[in-house]
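This report concerns only the one structure given below.
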């Protein structure tokens, strides 16, 4: 699948508020939103080609090389960041589950020595931790999985510039 995005100048790809060199600038939210909108249906595609169309008289091979490296680096960074978030959520969910089960086991063990009232009271936090762990995992993972698939496709995509004659 091929996606074409027209730009007037290289600055269209970057934030208007960031005046640093192309090696350091942040990508604009407009560009990222357009890319997301255009590639939304191609998340399941085997190969994605992104073509950035720019007027021929605006082209600069040196700037394009820098920008292409930054785009690849950005996609890879976002992919890794979202994978790290997923691992952190999974770890937190597992910790909550373990704490909840531990409290439940302690409450059942202590049931021989304490009143049923105190045992039942200890079961409340155990269920809280068990259900909170499940909730953290179930509500956050779906969105992260979607982002991971999106950035995985973008990381594997080819990004090129193409000149077009000014009208």
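In my numbering, the protein residues as written are 342 to 508.
Even for Gly, the Cβ is constructed at its ideal location relative to N, Cα and C.
Note that the coordinates shown come from a computational prediction; the quantities given were computed from them, not determined experimentally.
Could you tell me the alpha carbon to alpha carbon distance between residue i and residue j, rounded to whole angstroms?
i	j	result
residue 415	residue 404	16 Å
residue 424	residue 453	45 Å
residue 497	residue 350	25 Å
residue 500	residue 406	11 Å
residue 459	residue 472	21 Å
residue 358	residue 379	24 Å
residue 444	residue 451	10 Å
residue 478	residue 428	10 Å
residue 480	residue 432	15 Å
residue 402	residue 356	21 Å
residue 362	residue 381	30 Å
residue 360	residue 483	36 Å
residue 421	residue 446	37 Å
residue 388	residue 371	24 Å
Tell me, to the nearest whole angstrom, how far the beta carbon of residue i is from that of residue j; I am working on the premise that it is less than 8 Å.
i	j	result
residue 438	residue 394	About 50 Å; that fails the 8 Å criterion.
residue 430	residue 470	Rounded, the Cβ-Cβ distance is 15 Å, inconsistent with contact.
residue 343	residue 390	4 Å
residue 413	residue 364	With a Cβ gap of about 13 Å, residue 413 and residue 364 do not count as contacting.
residue 505	residue 369	Rounded, the Cβ-Cβ distance is 20 Å, inconsistent with contact.
residue 485	residue 426	6 Å
Could you check which residue in the options has the C-alpha nearest to that of residue i?
i	options	result
residue 399	499, 442, 358 and 347	347
residue 373	497, 353, 389 and 465	353
residue 434	418, 452, 475 and 458	475
residue 494	367, 358, 419 and 406	419
residue 392	401, 381, 376 and 402	376
residue 468	427, 442, 381 and 421	442
Classify residue i as buried or exposed, calling it buried when 16 or more other Cβ atoms lie within 10 Å of its own Cβ.
i	result
residue 502	buried
residue 367	exposed
residue 456	exposed
residue 448	buried
residue 408	buried
Original post:
Touching or not, the segment 461-471 and the segment 481-494, by the rule of three or more beta carbon pairs under 8 Å?
Top reply: no
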